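S.K.: I'd like to ask you about the structure that follows.
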Amino acid sequence: MKQGGRKAALLGAVLSLVVSGSALAEMCYDRSVQGHRLVVDSHLHFQPFSGPHIDHQVMVEYLQRAGIQYANVYGIGQTRIQDWACLNGGDCSGNAVIAPTMKNDFVNGVNMNAYPRTGVELRASMTFPDLQNPEGIVDRMAILDREFPGLFQWMGEANLVKQALFSYGHEAATLDDIANWAPFMERLAERNMPLALHSDMGNDEDDYGYVHLMEAVLEQYPDNTIVWMHLGTSREQMELDPQEHVAQMSRLMDAYPNLWFDISWNVLYDGYFRDADRREPYVEFLNKYASRILTGTDLVASSYTSYNDYLRALEQNSFINQYLDKRAFRYIALGQSYFDLLDIDDVAPPVC
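Under this note's numbering, the first residue of the sequence shown is numbered 1118, with each subsequent residue one higher.
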């Protein structure tokens, strides 16, 4: 356990508990009083798919009001600058294919440099990689590093396979594509920089049809930290058998020690966590592998995003925390897994 540290927990949404040395042994986090909200939003999109983004300072104010201590600043790789209606089920005929760009990363970098001091510790993520066309990723990483020295410490959310974007021109990465990741994966490993991947396990017609792609990544790049977003689920897959799903994830966690999972996105709340008949296998999984589980909201913020919108996402994505054992709650809800992953000199308090 690291000694020292800065912010460690919350009373409701506002009380920060500062932990250092001997103070750690004299305090604990009381869930019955202080609640079960997450304090690290490791998956937050400050940029939307299209249209105007939320003011950076306003978003940070939301985080502070909600008691968030740390957040990863994501863009959206597949940015659409045409019309919002297309992404909400409108007619997309004749529109350009959505493809990853660096636009959001530059916007986030400029905003973070313009407002470097906030009450929330922010870390920027490179969201530009086109994993189906990996040539040039190393060069683009160098551009961001040159323009924003030391700012970008994370990569993702990048899409290995995202069925929700198939109608907009996205395709699953192939095994040949994955083999061609080697140059940028080597660079990430050198920097101890996690890669967060959206990779659908399958869909309600074929539960695990895409798992072989993630297994190829894990097999070929064992030295890279891979964060698998959303426990591999998606809106296209709302009927997984929890026991089978947990067995698949456990098999991979045991085989690949640098694999982590993320439990952000309300798809997990809607389809798996809030249903008492489906919840227990996930609680057992999270309790067992808590030190390699990250949490967040996966909110995609536009200029129309209100504080209540963020609060709703926070409540839904914190729901599962109340069922975790003490150790898992400390690692997941109070952020110790995040601190360990990024070697942050902070200590989450013990749970009463």
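Just so you know, even glycine gets a beta-carbon here, dropped at the ideal spot from N, CA and C. Given the structure is predicted, the values throughout are model-derived calculations rather than measurements.
With a CB to CB cut of under 7 Å and the five nearest residues on each side skipped, what residues in its chain are close to residue 1183?
M.R.: These residues qualify, in order along the chain: 1130, 1427, 1428 and 1431.
S.K.: Quick check: what's the CA-CA separation for residue 1352 versus residue 1436?
M.R.: So the two alpha carbons sit approximately 19 Å from each other.
S.K.: Looking at the strands, I want to know which residues DSSP matches up with residue 1272.
M.R.: Note: residue 1272 sits in a beta bridge opposite 1243 and 1312.
S.K.: Measuring straight from C-alpha to C-alpha, what distance separates residue 1141 and residue 1227?
M.R.: Low local confidence applies: a pLDDT of 46 at residue 1141 is under 50, so the model's placement there is unreliable, with the coordinate-based value given in what follows. Spanning the two alpha carbons is a distance of roughly 37 Å.
S.K.: Keeping to the same chain, check which residues put their C-beta closer than 7 Å to that of residue 1300; ignore five residues upstream and five downstream.
M.R.: Excluding positions up to five away in sequence, the list reads 1255.
S.K.: Smallest Cα separation from residue 1304: which of 1270, 1322, 1330 and 1391?
M.R.: Closest option to residue 1304, Cα to Cα, is 1270.
S.K.: Sort 1218, 1181, 1236 and 1282 by Cα distance to residue 1257 and report the nearest one.
M.R.: Closest by alpha carbon: 1218.
S.K.: What is the rounded straight-line gap between the Cα of residue 1381 and the Cα of residue 1434?
M.R.: Distance between the alpha carbons of residue 1381 and residue 1434: 6 Å.
S.K.: Is residue 1451 helix, strand or coil by DSSP?
M.R.: Of the three classes helix, strand and coil, the one that applies to residue 1451 here is coil, per DSSP.
S.K.: Closest to residue 1336 by CA distance: which of 1265, 1465, 1372 and 1167 is it?
M.R.: If we check each option's Cα against that of residue 1336, 1372 comes out closest.
S.K.: Using the rule of at least 16 other Cβ atoms within 10 Å of the residue's Cβ for burial, across every protein chain shown, is residue 1329 buried or exposed?
M.R.: So residue 1329 counts as exposed.
S.K.: Measuring alpha carbon to alpha carbon, tell me which residue in 1447, 1400 and 1384 is nearest residue 1469.
M.R.: Taking only the C-alpha atoms, the option nearest residue 1469 is 1447.
S.K.: Could you say which of 1233, 1334, 1282 and 1339 lies nearest to residue 1215 if we only look at CA atoms?
M.R.: The shortest C-alpha separation from residue 1215 is found at 1282.
S.K.: Kindly indicate which residue of 1348, 1225, 1391 and 1273 has the alpha-carbon position closest to the one of residue 1472.
M.R.: With the chain covering only 1118 through 1469, there is no way to say anything about residue 1472.
S.K.: What span of residues does the beta strand (DSSP E) with residue 1327 cover, start to end?
M.R.: Counting along the chain, residue 1327 falls outside any beta strand (DSSP E), and DSSP gives it neither H nor E.
S.K.: Start and end of the alpha helix (DSSP H) containing residue 1362?
M.R.: Counting along the chain, the alpha helix (DSSP H) containing residue 1362 begins and ends at 1359 to 1372.
S.K.: My assumption, with CB atoms under 8 Å, is that residue 1444 sits in contact with residue 1407. Please give the rounded CB distance.
M.R.: Indeed they touch by this definition, with Cβ atoms about 6 Å apart.
S.K.: Give me, in chain order, the residues of the same chain whose beta-carbon lies closer than 8 Å to that of residue 1177; leave out the 5 immediate sequence neighbours on both sides.
M.R.: Closer than 8 Å at the Cβ level, and outside the excluded window around residue 1177, lie 1232, 1235, 1236, 1237 and 1239.
S.K.: So residue 1316 packs on residue 1278, CB below 8 Å; how close in whole Å?
M.R.: Yes, they are in contact, since the Cβ atoms of residue 1316 and residue 1278 sit about 5 Å apart, within 8 Å.
S.K.: Using a 10 Å radius around the Cβ and a threshold of 16 neighbouring Cβ atoms, would you call residue 1263 buried or exposed?
M.R.: Its Cβ having fewer than 16 others within 10 Å, residue 1263 is exposed.
S.K.: Any idea which residues DSSP pairs residue 1188 with across the strands?
M.R.: According to DSSP, which records beta bridges pairwise, residue 1188 is partnered with 1158 and 1239.
S.K.: What residue does the alpha helix (DSSP H) around residue 1301 start on, and which one ends it?
M.R.: From DSSP, the alpha helix (DSSP H) with residue 1301 extends over 1299 to 1307.
S.K.: From the DSSP output, in three-state form, read off residue 1456 for me.
M.R.: Note: residue 1456 maps to helix in three-state DSSP.
S.K.: According to DSSP, simplified to helix, strand and coil, what is residue 1260?
M.R.: Three-state DSSP puts residue 1260 in a helix.
S.K.: In terms of residues, what are the limits of the alpha helix (DSSP H) holding residue 1343?
M.R.: Run containing residue 1343: none in the alpha helix (DSSP H); it sits in the beta strand (DSSP E), 1343 to 1345.
S.K.: First and last residue of the beta strand (DSSP E) that includes residue 1379?
M.R.: Taken as a continuous stretch (DSSP letters only), the beta strand (DSSP E) holding residue 1379 covers 1376 to 1379.
S.K.: With respect to the alpha helix (DSSP H) encompassing residue 1320, which residues constitute its N-terminal and C-terminal limits?
M.R.: Premise fails: residue 1320 is in no alpha helix (DSSP H) and is neither H nor E.
S.K.: Compare the Cα-Cα distances from residue 1250 to each of 1289, 1174 and 1188 and report the closest residue.
M.R.: It is 1289 whose Cα lies nearest to the Cα of residue 1250.
S.K.: Kindly indicate the opening and closing residues of the alpha helix (DSSP H) around residue 1172.
M.R.: Run containing residue 1172: none; DSSP gives neither H nor E here.
S.K.: Can you tell me whether DSSP reads residue 1406 as helix, strand or coil?
M.R.: Three-state result, residue 1406: coil.
S.K.: Just mark residue 1411 as buried or exposed, buried being the case when its beta carbon has 16 or more other beta carbons within 10 Å.
M.R.: With 16 or more other Cβ atoms within 10 Å, it is buried.
S.K.: Any idea what DSSP makes of residue 1334, helix, strand or coil?
M.R.: Residue 1334 falls in the helix class under three-state DSSP.
S.K.: Can you tell me whether residue 1311 is buried or exposed, with buried defined as 16 or more other CB within 10 angstroms of its CB?
M.R.: Burial call: buried.
S.K.: By how many angstroms is the C-alpha of residue 1164 removed from the C-alpha of residue 1201?
M.R.: At residue 1201 the pLDDT is 47, less than 50, meaning the model places this residue with poor confidence; the figure from the coordinates comes in the next sentence. Approximately 13 Å, taken between the alpha carbons.
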